[in-house]
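Undergrad: Please see the structure below; I have some questions.
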Amino acid sequence: MPELPEVQTIVDGLNQQVAGATVVGVSCDWKKMISVETENVSPNGAITLRSEKTWKKFESMVVGKKIKNVERKGKFIVFNLSENVHINAHLIVHLRMTGHFLIITPEKRKDTKNAIHEKVNQYIHFQMELSDGRIIALSDLRKFAKIAIAKKSDIDRIIIVGQDPLNKEFTLEKFRKIFKDKRGNVKQILMDQSLIAGIGNIYSSEILWEAKISPLAKIENLDDKEMKSIFNAMKKVLKLAIKMRGSSESDYRDVDGNEGGYQKIHKVYKREGKECFRKDGGIIKRIKIGQRSTFYCCKCQI
DNA sequence: TGCAGTGTTGCTTC
DNA sequence: CGAAGCAACACTGC
215 MPELPEVQTI VDGLNQQVAG ATVVGVSCDW KKMISVETEN VSPNGAITLR SEKTWKKFES
275 MVVGKKIKNV ERKGKFIVFN LSENVHINAH LIVHLRMTGH FLIITPEKRK DTKNAIHEKV
335 NQYIHFQMEL SDGRIIALSD LRKFAKIAIA KKSDIDRIII VGQDPLNKEF TLEKFRKIFK
395 DKRGNVKQIL MDQSLIAGIG NIYSSEILWE AKISPLAKIE NLDDKEMKSI FNAMKKVLKL
455 AIKMRGSSES DYRDVDGNEG GYQKIHKVYK REGKECFRKD GGIIKRIKIG QRSTFYCCKC
515 QI
């Protein structure tokens, strides 16, 4: 569920609150989510940590390090860890479906009643304790989230993502170029992380409504004008969603445990059977594209 | 009550 | 080889 706007909101929160902090301990009760990336492994790179020995390796690469800063790459969150001044390890996290980070202060730890979203505590499967007593916790109901520790030389092998939609250098011209030789329906192509990174099921529907393009339209049939409206809609929708601190359909929370606000202004997502906000007499339809629910207005999206 | 459906990704199958 | 299906997991709602 966390797509670009949600991940960006989390990364901004982490940067504001924990950049510069030192990790003094890590714990995990679901070690399947952890991997250690080393230069010696091939071809997928990951060693799954099942033994205590490999967990110790992970621990040794994180504990005692300073969180220099936190970055977003597509839907990935990267904690840049440093010893002295040089960044020497990257903690890479993908939240998948239901993962989210929470920063738990010592006060909140004591105050169990008011602490966090009450149902969240039991889903915390990974924690990093900071020297000031705060905890960075990863809550994940479905346990799909992935955490990897990697050296700089391994990072590009793990994070393979395309253009960032909100990068100022990502122009309309580059956008057109990426799709020039691509085939297939536009919705699935917008969600292809190796082309453009960060758009998922919710925002692809929202962007295509904004652009007045059917999710079933074939990318190879779209003209320049239509490609331009998708490009503009993409930037507009994602920027506004970040401003609203993301969409909370179910589990998503920001690092302080608060819901986002964008779900309140979804134009099509989960609005099946309702009137189109364009007041064009259209009713929002729900279809399946590649096993995923897709929402669109049958009147204005052609 | 039980089973289909739920944001994502990646591996397997055809 | 590319597209489609399904598994990973736990909960909700019909």
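Counting from 215, one number per residue, gives the positions in the first sequence under the working numbering. C-beta atoms are modelled at their ideal positions from N, C-alpha and C, and glycine is treated no differently. This structure is a prediction, so every number in the text was calculated from the model and none was measured.
Which ranges would you report for the beta strand (DSSP E) in the region 302-351 if only whole runs of at least 3 residues count?
TA: Counting only runs of 3 or more, we get 313-318, 338-344.
Undergrad: Provide the residue span of the beta strand (DSSP E) that contains G414, from first to last.
TA: Unbroken run through G414: none, as it is neither H nor E.
Undergrad: How do the region 498-510 and the region 426-437 stand: do at least 3 beta-carbon pairs fall below 8 angstroms, yes or no?
TA: Output reads yes: the region 426-437 touches the region 498-510.
Undergrad: Is it the case that the Cβ atoms of H308 and I369 are separated by a distance below 8 angstroms?
TA: No, they are not a contact pair.
Undergrad: Pull up the DSSP beta-bridge partners for K499, would you.
TA: Answer by DSSP bridge pairing, in chain order: Y510.
Undergrad: Are the Cβ atoms of K282 and L295 separated by less than 8 angstroms?
TA: Contact: yes.
Undergrad: Please work out which residues of its chain come closer than 8 angstroms, Cβ to Cβ, to V240, disregarding the five sequence neighbours upstream and downstream, and give them in chain order.
TA: Closer than 8 angstroms at Cβ, skipping near neighbours: F272, E273, V276, V277, F340, Q341, M342, E343.
Undergrad: Look up T236 in the DSSP assignment and give the residues it is bridged to.
TA: T236 is bridged to K280.
Undergrad: What does DSSP give as the partner residues of S462 in its beta bridges?
TA: Its beta-bridge partners do not exist; DSSP assigns none.
Undergrad: Compute the beta-carbon to beta-carbon distance between Q407 and V375, rounded to the nearest angstrom, for a pair I have assumed lies under 8 angstroms.
TA: With a Cβ gap of about 6 angstroms, Q407 and V375 count as contacting.
Undergrad: Does the separation of the CB atoms of I444 and G398 fall below 8 angstroms?
TA: Cβ atoms of I444 and G398: not closer than 8 angstroms.
Undergrad: If I follow the unbroken alpha helix (DSSP H) through N446, where does it start and stop?
TA: That run of the alpha helix (DSSP H) goes 438-457.
Undergrad: Taking the alpha carbon of Q230 as the reference point, which residue from D468, S353, I503 has its own alpha carbon closest?
TA: Nearest of D468, S353, I503 to Q230, Cα basis: D468.
Undergrad: Is E383 helix, strand or coil by DSSP?
TA: Note: E383 maps to coil in three-state DSSP.
Undergrad: Return the first residue and the last residue of the beta strand (DSSP E) that S367 is part of.
TA: Element bounds for S367: not the beta strand (DSSP E) but the alpha helix (DSSP H), 366-372.
Undergrad: Have a look at Q336 and R356 and give me their C-alpha separation to the nearest angstrom.
TA: Between Q336 and R356, the C-alpha separation is close to 12 angstroms.
Undergrad: Just the Cα atoms here: how many angstroms apart are H300 and R348?
TA: So the two alpha carbons sit approximately 24 angstroms from each other.
Undergrad: According to DSSP, what are the bridge partners of A425?
TA: Per DSSP, none; premise fails for A425.
Undergrad: What number of angstroms, rounded off, separates the C-alpha of T312 from the C-alpha of F384?
TA: Their backbone Cα atoms lie some 29 angstroms apart in a straight line.
Undergrad: For the beta strand (DSSP E) holding I291, just list the boundary residues, first then last.
TA: Run containing I291: 290-297, per the beta strand (DSSP E) assignment.
Undergrad: What three-state label does DSSP hand D226 in the structure shown?
TA: Here D226 sits in helix by DSSP.
Undergrad: Per DSSP, which residues does N399 bridge with? Please list them.
TA: Looking at the DSSP assignment, N399 forms a beta bridge with K432.
Undergrad: Helix, strand or coil for I392? Go by DSSP, reduced to three states.
TA: I392 falls in the helix class under three-state DSSP.
Undergrad: State the Cα-Cα distance for the pair K245 and I416, rounded to the nearest angstrom.
TA: Rounded to whole angstroms, K245 to I416 spans 30 angstroms at the Cα level.
Undergrad: Checking 8 angstroms against the spacing of the C-beta atoms, do E217 and I372 come in under that value?
TA: No, the pair does not count as a contact, with Cβ atoms beyond the cut-off.
Undergrad: Near T223, which residues of its chain fall below 6 angstroms by C-beta distance, leaving aside the five closest residues on each side in sequence?
TA: Counting only Cβ-Cβ distances below 6 angstroms, and skipping sequence neighbours, we find R459, G460, D468.
Undergrad: By DSSP, does E251 sit in helix, in strand, or in coil?
TA: Reduced to three states, the DSSP call for E251 is strand.
Undergrad: Please classify G234: is it buried, with 16 or more other beta-carbons within 10 angstroms of its beta-carbon, or exposed?
TA: G234 comes out exposed.
Undergrad: What does DSSP give as the partner residue(s) for Q377 in the beta ladder?
TA: DSSP lists I410 as partners of Q377.
Undergrad: Where DSSP assigns a beta bridge to E489, which residues make up the other side?
TA: Looking at the DSSP assignment, E489 forms a beta bridge with I497.
Undergrad: Give me the Cα-Cα distance between F293 and K391, rounded to the nearest whole angstrom.
TA: Distance between the alpha carbons of F293 and K391: 32 angstroms.
Undergrad: Is it buried or exposed, D354, if we count other Cβ atoms within 10 angstroms and call 16 or more buried?
TA: Its Cβ being crowded by 16 or more others within 10 Å, D354 is buried.
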